[in-house]
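First comes the structure, then the notes that go with it.
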């Protein structure tokens with residue numbers, strides 16, 4: 074469980090805040106919009122109406138006590154930039170800030186952000202991959218060359234075991250887990266696991282090899 078300061082309760086902030094609560098974190102939400110805070114306050118242990126560009130307001134929050142401070146402001150980059158800097162001045166251990174462009178990322182890092190996220194860009198990239206690769210259900214890019222994909226299995230795999238197919242040697246991909254048609258995740262499947270109709274696989278490997286596999290075998 075982590076203690077999290079979440080500044081900016083737009084759509085992204087609200088979604089992130091709910092997920093943090095689901096994971097058992099202690100979350101203090103802050104927004105300058107009174108109506109927004111009042112509508113969300115019943116869900117959270119702590120909620121504040123405050124302008125975080127005022128350093129005195131931040132000092133009252135005991136910034137060093139939080140494991141993570143997240144600047145989730147999406148419509149005012151100047152505010153995001155200044156708040157990121159002020160959080161570090163107030164002793165923040167780790168600051169995560171939201172950016173829309175690479176230029177914004179560079180400025181945020183210079184102003185003290187420890188990590189910068191691109192939620193809009195990430196969604197766009199995932200959509201582009203899903204539209205261009207056959208039967209992709211999810212996709213995570215780990216670096217420029219490697220990714221994790223959730224894919225449908227080729228029809229020819231039904232009734233065969235992982236050992237029979239040999240995906241690592243044949244396709245250069247590693248099966249991390251298998252998800253059945255009812256959504257059950259099998260954990261770490263053994264080489265003897267026999268695929269059934271409706272199975273999906275979560276695979277790791279070089280992105281280009283996974284795409285080639287999907288286009289050729291899953292298509």
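Numbering (our numbering), first residue to last: 74 to 292.
Backbone N, C-alpha and C define an ideal beta-carbon position, used for all residues, glycine too.
Please read all numbers here as calculations on a predicted model, not as lab measurements.
| query | In whole angstroms, what is the alpha-carbon distance linking residue 100 and residue 189? | reply | 19 Å
| task | Return yes when the Cβ of residue 266 is within less than 8 Å of the Cβ of residue 251, no when it is not. | result | yes
| said: Short of 7 Å in beta carbon distance, which residues of its chain neighbour residue 299, apart from the five on each side in sequence? Order them along the chain. | reply: With the chain covering only 74 through 292, there is no way to say anything about residue 299.
| field | Span of the beta strand (DSSP E) around residue 117 | value | Premise fails: residue 117 is in no beta strand (DSSP E) and is neither H nor E.
| said: Distance check for residue 222 and residue 246, CA to CA, integer angstroms please. | reply: 10 Å
| request: Have a look at the DSSP bridge pairing and note the partners of residue 225. | output: 273
| query | So which of 289, 160, 230 has the shortest CA-CA distance to residue 132? | reply | 160
| request: Kindly identify the DSSP beta-bridge partner or partners of residue 155. | output: According to DSSP, residue 155 bridges with nothing at all.
| Per-residue burial, residue 201 [other beta carbons within 10 Å of its own, 16 or more giving buried] | exposed
| said: Let me check understanding here. Comparing Cα to Cα, which of 194, 155, 163 lies closest to residue 180? | reply: 155
| request: Pick helix, strand or coil for residue 236, following the three-state DSSP scheme. | output: helix
| request: Establish whether the CB of residue 82 and some CB of chain B are separated by less than 8 Å. | output: The chain labelled as chain B is not found in the depicted structure, where only one protein chain is given.
| task | Can you grab the Cα-Cα spacing for the pair residue 281 / residue 227, in whole Å? | result | 18 Å
| Which residue comes first and which comes last in the alpha helix (DSSP H) that contains residue 130? | 128-132
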